[in-house]
Structures are given as structure tokens and as C-alpha cells.
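Q: Attaching a single structure in C-alpha cells format; questions to follow.
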Amino acid sequence: MADAAAVAKELRTLLRRALPRPSSPLSLTLQGQVIPALSDKAKMQLASMGIRLGDCVVIAGQKVGTLRFCGSTEFSGGLWAGVELDKPEGKNDGSVAGVQYFTCRVKHGGTRHAAVLNDDMH
């Protein structure tokens, strides 16, 4: 699995070099979905893990999805990651306790502490 993680990281790097960067530091649209601007803390956390919003991530070694949110929340302290899961294995639609953090289909949304995403990816 470590080889797969290394290949995935290398592919992400190659794609980032090949794809144009957005001209605005504000929200951008990816496949019809608005991606919120990140706080400096969230940017640093994701950069240290080598991932960005829109990247494919693995949660708990088995749930695959797309990183849609990283930031502070009203439901708990610290940085949280919101993931749109590929399969209906989630608990929400991107909202928690009535607050919408990202948008996805019902039961396709999940949240994790952002710090553990790095562990989940390997």
C-alpha cells in the first residue's frame, strides 16, 4: 500500500504542474461545486500532508471519497475535513447540526479530524 500512496502522491504532483491554477484566492468551482477559500491554518495542514481540496482520499483505510472541506466547524474545535464519499457510506449530505460545510448526496458525506487524513491515506 505504501507504493500505491507514493505513486498517488507523484501523480498528484504531476497533475498540479500540468493543470492551470485559479487566478483568484477566493472560491473556485470544481465540477460544478463551489470550493470555499481556506484559512491559513487549513492551507498549512493540507500542504503538510501533500493534499488539496478536490483530491481523492481514503478514510479508515476503506472509504474512498473526495476532499471537499477543510476548516473549523461549529460542532467541535480544531480543523475538520469534509469528504464526499464515492458510496453511500456516510452520515450526512455535507451538513452537520444544520450547518452546511459542503454539498453532496445524502449519506455520501463524512467528517474527520483533518490531522488523521494523512494516516488514513497510507
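Numbering follows full-length UniProt numbering, in which position 102 of the sequence shown is assigned residue number 102; successive positions increment by one, without gaps. All residues carry an ideal CB built from backbone N, CA and C; glycine is no exception.
1. How should SER23 be labelled, buried or exposed, when 16 other C-beta atoms within 10 angstroms of its C-beta is the threshold for buried?
2. Taking the continuous beta strand (DSSP E) assigned at ALA47, which residues delimit it?
3. Classify VAL116: buried if its beta carbon has 16 or more other beta carbons within 10 angstroms, exposed otherwise.
4. Let me make sure I understand the geometry here. Which of GLY50, CYS70, VAL83 and GLN62 has the alpha-carbon closest to that of LYS41?
5. Looking at the strands, I want to know which residues DSSP matches up with GLY90.
6. If distances are taken between C-alpha atoms only, which option among ARG112, HIS108 and ALA5 comes closest to ALA60?
7. Once DSSP output is grouped into helix, strand and coil, what is the label at GLU84?
A: Taking the structure as given:
1. Note that SER23 has pLDDT 38, beneath the 50 cutoff, so the model's placement of it is unreliable and no number is given.
2. Under the DSSP assignment, ALA47 falls outside any beta strand (DSSP E), being part of the alpha helix (DSSP H) whose first and last residues are 40-49.
3. Classification for VAL116: exposed.
4. With distances taken between Cα atoms, LYS41 lies closest to CYS70.
5. Here GLY90 is not bridged, per DSSP, to any residue.
6. It is ARG112 whose Cα lies nearest to the Cα of ALA60.
7. Strand, per DSSP.
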